[in-house]
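In what follows, a single structure is set out as structure tokens and then discussed.
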Amino acid sequence: QQQVKQSPQSLIVQKGGIPIINCAYENTAFDYFPWYQQFPGKGPALLIAIRPDVSEKKEGRFTISFNKSAKQFSLHIMDSQPGDSATYFCAASKGGKLIFGQGTELSVKP
Amino acid sequence: EAGVAQSPRYKIIEKRQSVAFWCNPISGHATLYWYQQILGQGPKLLIQFQNNGVVDDSQLPKDRFSAERLKGVDSTLKIQPAKLEDSAVYLCASSLGGRGSTDTQYFGPGTRLTVL
């Protein structure tokens, strides 16, 4: 019940495409859902986050869509660029304790 | 503002040896976390400190792992004795604390441990 399931495991898109990464959770006690971006050799960095009382949040080219009834949320990257190539992790938080998904390795081809 | 510092960046040891990792959080951050990130997986929380007290160590293998945060600032994580399955990146993170779920965690670059 503490798991966060993330898909796909890897994703390749062309520059300008819109990669979509999906996550699902079971525990309805989670109350905050951040996405982290990790480049090789670096630690994860917070990208964008959403509360469950909001259905969508947009920051620049990054958008989170949240479906509370389905217990699912997703990350969309608009007009993707080669510099967006990284591993993306969704997470769910309760009281500051983060449970991470398995990660999605995104490659944006020029 | 300086980020979370970790050392060493890489460590190779043989099984049954011991190893220690060091973390210096962002100045003023009360909460410090140690995560284990196995290749191809998301980070898994090992232990969380609030100042120098342990908040959560439910996933820390206490028979071989130990951690301390003396004086509520920097922290060390120790593994003794190491097993092959301990090969992973050990990430340290810190946050201001006191904000519950929305408390942003800032991660260091990690220490990559290889156990042979």
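So the sequences go chain by chain: A and B.
Note that our numbering has the first sequence beginning at 1443, numbered continuously upward.
Note that our numbering has the second sequence beginning at 993, numbered continuously upward.
Even for Gly, the Cβ is constructed at its ideal location relative to N, Cα and C.
{"Item": "Segment contact, 8 Å Cβ cut-off, at least three pairs: the region 1500-1513 of chain A with the region 1013-1032 of chain B", "Value": "no"}
{"Item": "Where E1077/B sits in the DSSP three-state scheme", "Value": "helix"}
{"Item": "Contact under 8 Å by Cβ, L1105/B with K1007/B", "Value": "no"}
{"Item": "Cβ pair count under 8 Å reaching 3, the region 996-1010 of chain B against the region 1452-1468 of chain A", "Value": "no"}
{"Item": "is_contact[A1466/A, chain B] using C-beta, thresh 8 Å", "Value": "no"}
{"Item": "Contact check, G1090/B vs A1022/B, beta carbons under 8 Å", "Value": "yes"}
{"Item": "Under 9 Å (Cβ pairs) to chain A, residues found in the region 1022-1040 of chain B", "Value": "T1023, Y1025, Y1027, Q1029, G1032, Q1033, G1034, P1035, K1036, L1037, Q1040"}
{"Item": "Inter-residue spacing [alpha-carbon to alpha-carbon] between Q1033/B and K1063/B", "Value": "32 Å"}
{"Item": "In DSSP terms, what R1001/B is bridged to", "Value": "Its beta-bridge partners do not exist; DSSP assigns none."}
{"Item": "Chain B contacts made by the region 1484-1498 of chain A, where a contact means CB separation under 9 Å", "Value": "K1484, G1485, P1486, A1487, L1488, A1491, R1493"}
{"Item": "Pair within 8 Å by beta-carbon distance, Y1082/B and T1103/B", "Value": "yes"}
{"Item": "Straight-line gap, P1524/A to P1053/B (C-alpha atoms, nearest Å)", "Value": "39 Å"}
{"Item": "Residue-chain proximity (D1095/B, chain A), Cβ-Cβ < 8 Å", "Value": "yes"}
{"Item": "G1483/A classed as buried or exposed, judged by whether at least 16 other C-beta atoms fall within 10 angstroms", "Value": "exposed"}
{"Item": "Helix, strand or coil at D1521/A [DSSP, three-state]", "Value": "coil"}
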